[in-house]
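Going down the list, the protein sequences come from chains A and B.
If you count the first sequence from 1, position 147 lands on 227 in our numbering, and the numbers rise without skipping.
If you count the second sequence from 1, position 22 lands on 102 in our numbering, and the numbers rise without skipping.
What follows is one structure encoded as structure tokens, with my remarks underneath.
Protein chains: 2
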Amino acid sequence: MGSIDSKTEEIIFRAARKVFTRKGFDGARMQEIADEAGINKALLHYYFRNKDKLFDRVFRDVVKSTLPQLIGIMNSDMPLFDKIRTFTSTYIDILSGNPEFAGFVFHELSRNPYRLLESLKESGPNLRVLENQIKEAALSGKIEYIPVTHLVVNMMSLIALPFIAQPVIMGMFSMNPEDFDAFIRERKELVPQTIIHSIIKRP
Amino acid sequence: MGSIDSKTEEIIFRAARKVFTRKGFDGARMQEIADEAGINKALLHYYFRNKDKLFDRVFRDVVKSTLPQLIGIMNSDMPLFDKIRTFTSTYIDILSGNPEFAGFVFHELSRNPYRLLESLKESGPNLRVLENQIKEAALSGKIEYIPVTHLVVNMMSLIALPFIAQPVIMGMFSMNPEDFDAFIRERKELVPQTIIHSIIKRP
DNA sequence: GTCTATAAACAGATAGAC
DNA sequence: GTCTATCTGTTTATAGAC
Numbered sequence: 081m082g083s084i085d086s087k088t089e090e091i092i093f094r095a096a097r098k099v100f101t102r103k104g105f106d107g108a109r110m111q112e113i114a115d116e117a118g119i120n121k122a123l124l125h126y127y128f129r130n131k132d133k134l135f136d137r138v139f140r141d142v143v144k145s146t147l148p149q150l151i152g153i154m155n156s157d158m159p160l161f162d163k164i165r166t167f168t169s170t171y172i173d174i175l176s177g178n179p180e181f182a183g184f185v186f187h188e189l190s191r192n193p194y195r196l197l198e199s200l201k202e203s204g205p206n207l208r209v210l211e212n213q214i215k216e217a218a219l220s221g222k223i224e225y226i227p228v229t230h231l232v233v234n235m236m237s238l239i240a241l242p243f244i245a246q247p248v249i250m251g252m253f254s255m256n257p258e259d260f261d262a263f264i265r266e267r268k269e270l271v272p273q274t275i276i277h278s279i280i281k282r283p
Numbered sequence: 081m082g083s084i085d086s087k088t089e090e091i092i093f094r095a096a097r098k099v100f101t102r103k104g105f106d107g108a109r110m111q112e113i114a115d116e117a118g119i120n121k122a123l124l125h126y127y128f129r130n131k132d133k134l135f136d137r138v139f140r141d142v143v144k145s146t147l148p149q150l151i152g153i154m155n156s157d158m159p160l161f162d163k164i165r166t167f168t169s170t171y172i173d174i175l176s177g178n179p180e181f182a183g184f185v186f187h188e189l190s191r192n193p194y195r196l197l198e199s200l201k202e203s204g205p206n207l208r209v210l211e212n213q214i215k216e217a218a219l220s221g222k223i224e225y226i227p228v229t230h231l232v233v234n235m236m237s238l239i240a241l242p243f244i245a246q247p248v249i250m251g252m253f254s255m256n257p258e259d260f261d262a263f264i265r266e267r268k269e270l271v272p273q274t275i276i277h278s279i280i281k282r283p
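As structure tokens, this is what we get:
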């Protein structure tokens with residue numbers, strides 16, 4: 081269940097992912113997906129029954145292709161600062177390759193939060209690990225204590241929002257696409273620095 | 081041009097803003113707006129001609145009701161750290177009152193970036209002021225230099241993303257709506273702290 | 001100005017030939 | 001499996017009565 085068997089199915093699925101992640105469920109058209117796949121509209125229904133089911137598969141695929149990597153890093157026994165750097169670098173790489181993913185996931189989740197429960201909790205992050213690292217580092221005087229919630233949200237924010245706000249940023253700072261790419265690359269260094277500076281204990 | 085004259089027009093407009101900001105252009109239905117306004121569908125067209133024009137008015141209204149305040153703070157002659165604190169506090173207050181605004185604006189702008197040029201550049205921010213403050217503070221050894229772009233994006237990110245990711249955050253950390261409100265209130269202190277700690281010069 | 005009724009266009013889904 | 005043709009329901013938009 082949930083696997084891709086035939087060649088055509090694969091082509092359709094990729095087309096659907098492209099259109100859905102760009103336009104969202106409401107903005108996507110079955111016709112556009114068919115065009116993108118170079119096949120007929122009827123085939124979409126032959127392979128995926130209806131728009132909802134096709135979307136569901138796409139949404140799960142997007143989540144599955146990104147979350148586990150990030151959760152893996154979060155749950156690892158890497159030292160705290162390394163974890164922050166690796167998480168940032170990996171997350172930015174993922175979103176650089178798929179700039180629409182962040183906006184897509186957040187938008188669809190506020191449209192229909194139920195899906196979250198399934199797709200997120202299937203591979204839910206274990207915050208205990210990170211929480212203990214923070215407490216330990218705080219007790220040893222290495223960092224200022226910060227609740228896990230805020231640390232995680234701060235990282236997510238600094239990493240994901242620039243992609244969601246890409247047109248705003250490009251407009252506001254008169255950037256072209258190359259400028260924006262460079263800007264994102266700079267953030268691979270800057271974001272971990274920002275996070276670490278904000279919690280590290282001063283002498 | 082662009083002003084609201086009659087009572088009914090005002091009621092319709094508020095209903096439209098509510099529905100559009102929640103569902104987005106593609107997800108919004110003229111019927112739902114009519115229902116929300118307690119009037120008939122035909123009246124929407126009588127007052128606003130079509131869906132596109134109604135949406136345009138709403139989008140501009142949302143931008144106009146938020147951006148100028150933030151730009152005003154950015155362009156003021158407030159000291160740098162005060163500016164960071166005031167900007168954060170004001171922005172969070174705006175979004176607390178209208179949690180859908182951030183997701184709405186960013187989503188619609190990536191759907192149709194043209195609108196940005198008009199709505200954003202009408203009251204474009206003057207980054208020179210902030211840029212000079214950063215340079216001055218860096219030269220006087222008060223802070224580590226940071227490009228304006230990154231400083232502004234960092235603030236925007238830490239403030240806006242939590243609202244966009246609200247369902248994710250509530251799911252991930254098992255929060256109820258009250259928990260989330262408290263979480264956001266905490267950020268009014270935490271975000272400026274994070275930003276300032278990340279740039280302030282260590283002894 | 002506000003309504004009901006209806007037109008016109010669109011989008012998702014199915015039937016049936018090949 | 002893949003196509004064309006078509007149906008059904010939805011959604012925007014207009015006509016016209018009051």
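Using N, Cα and C, we set each Cβ at its ideal position, and we do this for glycine too.
Predicted, not measured: the structure shown is a model, and the values here were computed from it.
How big is the Cα-Cα spacing for residue i and residue j?
| i | j | result |
| --- | --- | --- |
| Ala96/A | Ser190/B | 18 Å |
| His277/B | Asn178/B | 29 Å |
| Ile223/B | Ile223/A | 20 Å |
| Arg102/B | Glu180/B | 6 Å |
| Ile174/A | Asn256/B | 30 Å |
| Glu132/A | Glu266/B | The question names Glu, yet the displayed sequence has Asp at residue 132/A. Spanning the two alpha carbons is a distance of roughly 38 Å. |
| Phe128/A | Met110/A | 11 Å |
| Ala114/A | Phe100/A | 12 Å |
| Pro283/A | Lys281/B | 12 Å |
| Ile226/A | Asp136/B | 42 Å |
| Ser83/A | Ala117/B | 46 Å |
| Phe161/A | Ile153/A | 12 Å |
| Val31/A | Glu89/A | Lying outside 81 to 283, the shown extent of chain A, residue 31/A is not represented and no answer is given. |
| Phe260/A | Met158/B | 29 Å |
| Arg94/B | Asn130/B | 16 Å |
| Gln149/A | Leu124/A | 30 Å |
If you count every other CB in all the chains shown that lies within 10 Å of the CB of residue i, and 16 or more means buried, which is it?
| i | result |
| --- | --- |
| Gly183/B | buried |
| Pro272/A | buried |
| Pro247/B | buried |
| Pro242/A | buried |
| Pro205/B | buried |
| Ser199/A | buried |
| Ala245/B | buried |
| Lys163/B | buried |
| Thr171/B | What sits at residue 171/B in the sequence shown is Tyr, not Thr. With 16 or more Cβ atoms within 10 Å of its Cβ, Tyr171/B is classed as buried. |
| Ala262/A | exposed |
| Ala122/B | exposed |
| Glu188/B | buried |
Counting contacts by CB-CB distance shorter than 8 Å, is residue i in contact with chain B?
| i | result |
| --- | --- |
| Pro257/A | no |
| Val99/A | no |
| Leu160/A | no |
| His120/A | Note that residue 120/A corresponds to Asn in the displayed sequence, not to His. False, the Cβ-Cβ gap to chain B never drops below 8 Å. |
| Arg191/A | yes |
| Met235/A | no |
| Met252/A | yes |
| Arg165/A | no |
Consider the Cβ of residue i: report whether some Cβ of chain A lies at a distance smaller than 8 Å.
| i | result |
| --- | --- |
| Gln246/B | yes |
| Met110/B | no |
| Ile174/B | no |
| Leu210/B | no |
| Ile223/B | no |
| His230/B | yes |
| Ile151/B | no |
| Ala240/B | yes |
| Leu200/B | yes |
| Phe260/B | no |
My guess is that residue i and residue j are in contact by the Cβ rule of under 8 Å, so how many angstroms apart are they, rounded?
| i | j | result |
| --- | --- | --- |
| Thr166/A | Lys268/A | Their Cβ separation, rounded to whole angstroms, is 11 Å, which puts Thr166/A and Lys268/A out of contact at 8 Å. |
| Ser176/B | Ile119/B | That pair is no contact at about 30 Å. |
Do residue i and the ligand ADP come close, with the Cβ less than 7 Å from some heavy atom?
| i | result |
| --- | --- |
| Phe139/B | Of ligands this structure carries none, so the ligand ADP is not represented either. |
Exercise for the section: Would you check if there are 3 or more beta carbon pairs closer than 8 Å linking the segment 144-157 of chain B to the segment 105-112 of chain B? Expected result: no
Problem - Segment contact, 8 Å Cβ cut-off, at least three pairs: the segment 212-219 of chain A with the segment 203-218 of chain B - result: no
Practice task
Determine contact between the segment 226-239 of chain A and the segment 232-240 of chain B, defined as no fewer than three beta-carbon pairs at a distance below 8 Å.
Solution key: yes
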